[in-house]
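These notes concern the structure reproduced below.
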Amino acid sequence: MSLMADPPGTDRLSVRVRRNTVGAHDAAQRSGFLDSLAAGQLPWEAYADLTAQHWFIYEALESAATTMADDPVVATFLFPELRRLPSLEADLQFLYGPRWADHLFALPATTTYCTRLRDVAHRAATGFVAHQYTRYIGDLSGGQYLGPAIARSYGLPATDGHRFFIFAGVDPMSFKNHYRVLLDSVPWSRPEQDEFIAEVTEAYRLNIGVLSELQSRWSQGAQK
Ligand code: HEM
Numbered sequence: 241m242s243l244m245a246d247p248p249g250t251d252r253l254s255v256r257v258r259r260n261t262v263g264a265h266d267a268a269q270r271s272g273f274l275d276s277l278a279a280g281q282l283p284w285e286a287y288a289d290l291t292a293q294h295w296f297i298y299e300a301l302e303s304a305a306t307t308m309a310d311d312p313v314v315a316t317f318l319f320p321e322l323r324r325l326p327s328l329e330a331d332l333q334f335l336y337g338p339r340w341a342d343h344l345f346a347l348p349a350t351t352t353y354c355t356r357l358r359d360v361a362h363r364a365a366t367g368f369v370a371h372q373y374t375r376y377i378g379d380l381s382g383g384q385y386l387g388p389a390i391a392r393s394y395g396l397p398a399t400d401g402h403r404f405f406i407f408a409g410v411d412p413m414s415f416k417n418h419y420r421v422l423l424d425s426v427p428w429s430r431p432e433q434d435e436f437i438a439e440v441t442e443a444y445r446l447n448i449g450v451l452s453e454l455q456s457r458w459s460q461g462a463q464k
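First residue of the sequence shown? That's 241 in the working numbering, and the numbers climb one at a time after it.
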């Protein structure tokens, strides 16, 4: 073994994807909007707007799970317990009231994200898993800190208005460990693995696009 060899395990897909997207994750974290919400520096409508954008994104992502259910790889990545759409609808109902659907407007960056989801996550297992990984593993990581911070800052009750961040019956740490084991056992060729990693990078870029648009919209005092 040469001195320059990587330590054992670094060729695993879960390790490769993390290593290749550290920069993209840092950029997503730096985009500012989520930190501003966590600190309560924006009006509550800005948080409701994020929830509305999530509704479009998770509608496109979770319908891909149905479209792709027969694919043998996707079949091993179906987790009904992760579904966020019902929680998002309950949050929107709490935040906007019974006519919540009248408040749903997709920002241009959200439409771009959903178009990509329909093109990629509804057609190829690499695309589906890339987008699933980026959103849900993120929700089970930084989301577990953001949810309680947002609830505190906006005076939300125990669960109402921020159910999106609460995964009933899912232990984030063990779920993420299980998910990484699954990722490492997918029978993808190296080019398919690379396609997956490239699509995760793209998913980060799309998320940054949505967060940047929300940031400029609400830091300029937008009203709905
Ligand atoms: C304020 C914003 C954010 C914070 C504080 C944050 C924080 C974190 C932390 C602490 C981890 C490591 C968790 C662990 O190793 O178990 C993590 C991982 C992750 N985050 Fe974020 N995050 C933020 C934004 C985002 C965004 C916007 C996305 C994408 C939509 C995202 C997606 C991910 C993913 C996919 C991972 C897992 C990486 C891996 O496989 O290790 N994060 N985040």
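Ideal Cβ positions, reconstructed from N, Cα and C, are used throughout, including at glycine.
DSSP on F404, reduced to helix/strand/coil?
-> As a first step, residue 404 must be located in the sequence shown, where it is residue number 164. In the structure shown, F404 sits in a helix (DSSP, three-state: H, G or I).
Please report the residue range of the alpha helix (DSSP H) in which E302 lies.
-> Taking the first residue of the sequence shown as 1, we reach residue 302 at position 62. 284-307 is the span of the alpha helix (DSSP H), which, as asked, contains E302.
State the Cα-Cα distance for the pair A438 and Y444, rounded to the nearest angstrom.
-> Counting from 1 along the sequence shown, the entry for residue 438 is found at position 198. Counting from 1 along the sequence shown, the entry for residue 444 is found at position 204. Distance between the alpha carbons of A438 and Y444 is about 10 angstroms.
Which of the three DSSP states, helix, strand or coil, is assigned to W458?
-> What you label residue 458 is simply residue 218 of the sequence shown in a count that begins at 1. Of the three classes helix, strand and coil, the one that applies to W458 here is helix, per DSSP.
Hey, is Q455 close to the ligand HEM, as in C-beta under 6 angstroms from one of its heavy atoms?
-> The count along the sequence shown starts at 1 and reaches residue 455 at position 215. Answer for Q455: no, Cβ out of range of the ligand HEM.
Given 8 angstroms, three or more beta-carbon pairs between the region 307-324 and the region 410-427 = yes
With DSSP as the reference, label Q281 as helix, strand or coil.
-> What you label residue 281 is simply residue 41 of the sequence shown in a count that begins at 1. Correct three-state label for Q281: coil.
Tell me whether G272 counts as near the ligand HEM, meaning its Cβ is closer than 6 angstroms to at least one heavy atom of that ligand.
-> Stepping through the sequence shown from its first residue, residue 272 is reached at position 32. No, Cβ of G272 sits at least 6 angstroms from all heavy atoms of the ligand HEM.
Can you tell me the Cα-Cα spacing of A398 and E432, whole angstroms?
-> Along the sequence shown, read from residue 1 onward, the residue named residue 398 stands at position 158. Along the sequence shown, read from residue 1 onward, the residue named residue 432 stands at position 192. Cα-Cα distance, rounded: 43 angstroms.
Quick one: what's got a C-beta closer than 7 angstroms to V440's C-beta in the same chain, skipping five residues either side?
-> The count along the sequence shown starts at 1 and reaches residue 440 at position 200. The answer, listed in chain order, is V257, T261, A370, Y373, T374.
Whole-angstrom distance between E285 and G249, CA atom to CA atom = Residue 249 sits at position 9 when you count from the first residue of the sequence shown. Residue 285 sits at position 45 when you count from the first residue of the sequence shown. Computed Cα separation, rounded: 45 angstroms.
Taking L357 as the reference, which of V255, R259, L446, S456 has the closest Cα?
-> One-based indexing of the sequence shown puts residue 357 at position 117. Ranking V255, R259, L446, S456 by Cα distance to L357 puts L446 first.
Cα-Cα separation, L328 to Q384 = Along the sequence shown, one-based indexing puts residue 328 at 88. Along the sequence shown, one-based indexing puts residue 384 at 144. In a straight line, the C-alpha of L328 is about 16 angstroms away from that of Q384.
What number of angstroms, rounded off, separates the C-alpha of A349 from the C-alpha of E435?
-> Position 109 of the sequence shown, counting from 1, holds the residue named residue 349. Position 195 of the sequence shown, counting from 1, holds the residue named residue 435. C-alpha separation (whole angstroms): 22 angstroms.
In chain order, each alpha helix (DSSP H) run of at least 4 residues that lies wholly inside the region 344-395 = 348-356, 365-372, 383-393
Can you grab the Cα-Cα spacing for the pair D266 / L396, in whole Å?
-> Here residue 266 refers to the residue found at position 26 when the sequence shown is read from its first residue. Here residue 396 refers to the residue found at position 156 when the sequence shown is read from its first residue. Rounded to the nearest angstrom, the two C-alpha atoms are 28 angstroms apart.
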